[in-house]
Structure formats: C-alpha cells, structure tokens
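The structure appears below as structure tokens.
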Amino acid sequence: MNLLVVVCAAGPASDIGTLLALAHAEGWTCRVVCTPSAVPFVDTAEIERSTGHPVRSGYRPAGAPRPPQEPVDAVLVAPATFNTVNKLAAGIADTYALGVLAECVGDVPVVVVPFVNAALANRRPFRRAVDELRAEGVRVLLADPPHPRNSGPGVEFPWRDALAALRPGS
Ligand SMILES: Cc1cc2nc3c(=O)[nH]c(=O)nc-3n(C[C@H](O)[C@H](O)[C@H](O)COP(=O)(O)O)c2cc1C
Numbered sequence: 056m057n058l059l060v061v062v063c064a065a066g067p068a069s070d071i072g073t074l075l076a077l078a079h080a081e082g083w084t085c086r087v088v089c090t091p092s093a094v095p096f097v098d099t100a101e102i103e104r105s106t107g108h109p110v111r112s113g114y115r116p117a118g119a120p121r122p123p124q125e126p127v128d129a130v131l132v133a134p135a136t137f138n139t140v141n142k143l144a145a146g147i148a149d150t151y152a153l154g155v156l157a158e159c160v161g162d163v164p165v166v167v168v169p170f171v172n173a174a175l176a177n178r179r180p181f182r183r184a185v186d187e188l189r190a191e192g193v194r195v196l197l198a199d200p201p202h203p204r205n206s207g208p209g210v211e212f213p214w215r216d217a218l219a220a221l222r223p224g225s
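Residue numbers for the sequence shown follow the working numbering, so the first one is 56 and each next one is one higher.
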C-alpha cells in the first residue's frame with residue numbers, strides 16, 4: 056500500500072522520520088512531498104534514504120518529462136499548518152503539495168493532522184476550513200485542547216494516532 060505523506064512547515068516536520076519508521080513497520084510504502092516552506096525543516100537526504108524515493112516540493116518545469124506516476128492509496132498531511140489547511144479547504148493550489156492534495160481529496164482517504172496553537176485553532180477561518188474539509192470526507196485530527204501560544208516545541212506530535220487514522224474503520 057502506497058502512502059503519500061505531505062509535510063508542512065511546522066516544528067514537528069523535523070521529526071518526520073518517526074512517522075516514516077512507524078509507517079514502514081506497518082507495511083506502507085511511503086513517498087514524501089514537502090511544501091516549499093517545509094524543506095528547511097526536514098533532512099531531505101535522510102527521508103530519501105528511508106523511503107527510497109525522491110522528496111518532491113515543486114512542480115516540474117513546463118515541458119519537462121512527467122515523472123512516473125505511482126498509485127496513491129492514502130494521504131497523510133502531517134504536520135499540517137494553519138496556512139495549508141486554510142488553503143486546501145479553499146481550493147487553492149499554489150504549491151505542488153496543495154496541487155497534489157487538491158486531486159486526492161474525494162479520491163483516496165486523506166487524513167490531516169494540524170499542528171496549530173490555540174490562537175490559530177480558534178480563528179473562524181481555520182474552524183470553517185476544518186468543517187469544509189470534513190464535509191468533503193477528509194479526516195481532520197485536532198488536538199483538544201490545542202497547545203497554548205509559544206509552547207509548540209514542548210508538544211509531542213501524535214504520529215501514532217495519525218497513522219492509526221488511516222486504518223479502514225478507525
Ligand atoms: C520555526 C517555525 C515554526 C513554525 N511553526 C508553525 C506551526 O507550528 N504551525 C503553523 O501553522 N505554522 C507554523 N509556522 C509558520 C508556517 O511555517 C508558515 O505559515 C508557512 O507559510 C507555512 O507554509 P506551508 O503551509 O506551505 O508549509 C512556523 C514557522 C517557523 C519559521
């Protein structure tokens with residue numbers, strides 16, 4: 056089974072290796088797409104070593120040959136930022152990650168795990184975005200309660216719960 060992992064630019068992105076190790080142990084084949092802002096958060100070489108696949112973060116140049124398209128069975132967006140959650144719900148596709156996600160919603164199971172503090176989580180645009188995504192069948196896992204402002208570095212990201220949410224019937 057092929058899992059597409061979309062990584063956004065929030066602190067837990069640097070720990071994506073934990074998710075990949077858990078996913079591999081469950082038998083997933085993983086490919087990673089980063090938003091452009093997330094690239095500095097991750098160790099691209101280590102992800103490529105672990106997954107055996109290149110990390111993508113940008114569209115191919117116009118006219119460049121299309122890379123082979125691998126089937127995607129499920130998508131996990133983790134950590135998902137305030138920015139990407141809001142844009143995904145609004146149908147904006149101005150990053151490669153959002154372009155891929157725009158086509159996956161409604162096609163394969165998509166789980167989104169935001170990492171947003173209470174100030175962001177309580178904003179109406181974000182709450183509306185979560186409702187919109189859920190109405191489209193996206194599974195959104197929200198921390199309850201969200202972590203307070205400026206406390207992100209001490210907060211453990213729920214990698215196991217994120218992966219568990221991909222299991223059918225969970
Ligand atoms: C060190 C650092 C930590 C950040 N942590 C978060 C975070 O936890 N949640 C969040 O929504 N945005 C966070 N941001 C802001 C996002 O990186 C920013 O909104 C960015 O535009 C998101 O881009 P993306 O959604 O394309 O990944 C952080 C930024 C920096 C520099």
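Each residue gets a CB set at the ideal place from its N, CA and C atoms; glycine is no exception.
All values derive from a computational prediction rather than experimental measurement.
query = In whole angstroms, what separates the C-alpha of E103 from that of V140?
reply = As a first step, residue 103 is located in the sequence shown; it is residue number 48 there, counting from the start. As a first step, residue 140 is located in the sequence shown; it is residue number 85 there, counting from the start. Distance between the alpha carbons of E103 and V140 is about 25 Å.
query = What's the gap between the Cα of E211 and the Cα of R179?
reply = The residue labelled residue 211 in the question sits at position 156 within the sequence shown. The residue labelled residue 179 in the question sits at position 124 within the sequence shown. Cα to Cα, the separation comes out at about 25 Å.
Three-way DSSP call (helix, strand, coil) for C89 in this model = As a first step, residue 89 is located in the sequence shown; it is residue number 34 there, counting from the start. DSSP places C89 in strand when its eight states are reduced to three.
key: Candidates P213, D186, S206, of which the one nearest A198 by Cα   = Reading the sequence shown from its first residue, position 143 is the one you call residue 198. Nearest of P213, D186, S206 to A198, Cα basis: P213.
ask   = What residues in its chain sit with their C-beta under 6 Å from that of P203, if we drop five residues either side in the sequence?
value = Along the sequence shown, one-based indexing puts residue 203 at 148. Contacts found: A173.
ask   = Can you list the alpha helix (DSSP H) stretches of 4 or more residues lying completely in the region 60-107, in chain order?
value = 71-80, 99-106
message = What does the Cβ neighbour count give for A93, buried or exposed, with the cut at 16 atoms within 10 Å?
response = Here residue 93 corresponds to residue number 38 of the sequence shown, with the count starting at 1. Under this definition A93 is a buried residue.
inquiry  = Quick check on the DSSP output: what are the complete alpha helix (DSSP H) runs of length 4 or more inside the region 164-224, in order along the chain?
reply    = 173-176, 179-190, 214-219
ask   = When the Cα atoms are used, what is the spatial distance from V167 to N177?
value = Here residue 167 corresponds to residue number 112 of the sequence shown, with the count starting at 1. Here residue 177 corresponds to residue number 122 of the sequence shown, with the count starting at 1. Rounded to the nearest angstrom, the two C-alpha atoms are 17 Å apart.
Backbone secondary structure at V140 - three-state DSSP = Reading the sequence shown from its first residue, position 85 is the one you call residue 140. Note: V140 maps to helix in three-state DSSP.
ask   = What does DSSP give as the partner residues of R111 in its beta bridges?
value = If you number the sequence shown from 1, residue 111 lands on position 56. V88.
For R86 and T73, the rounded distance between their alpha carbons = The count along the sequence shown starts at 1 and reaches residue 73 at position 18. The count along the sequence shown starts at 1 and reaches residue 86 at position 31. Roughly 14 Å separates the two Cα atoms.
request  = Pick helix, strand or coil for V127, following the three-state DSSP scheme.
outcome  = Along the sequence shown, read from residue 1 onward, the residue named residue 127 stands at position 72. V127: coil per DSSP, three-state reduction.
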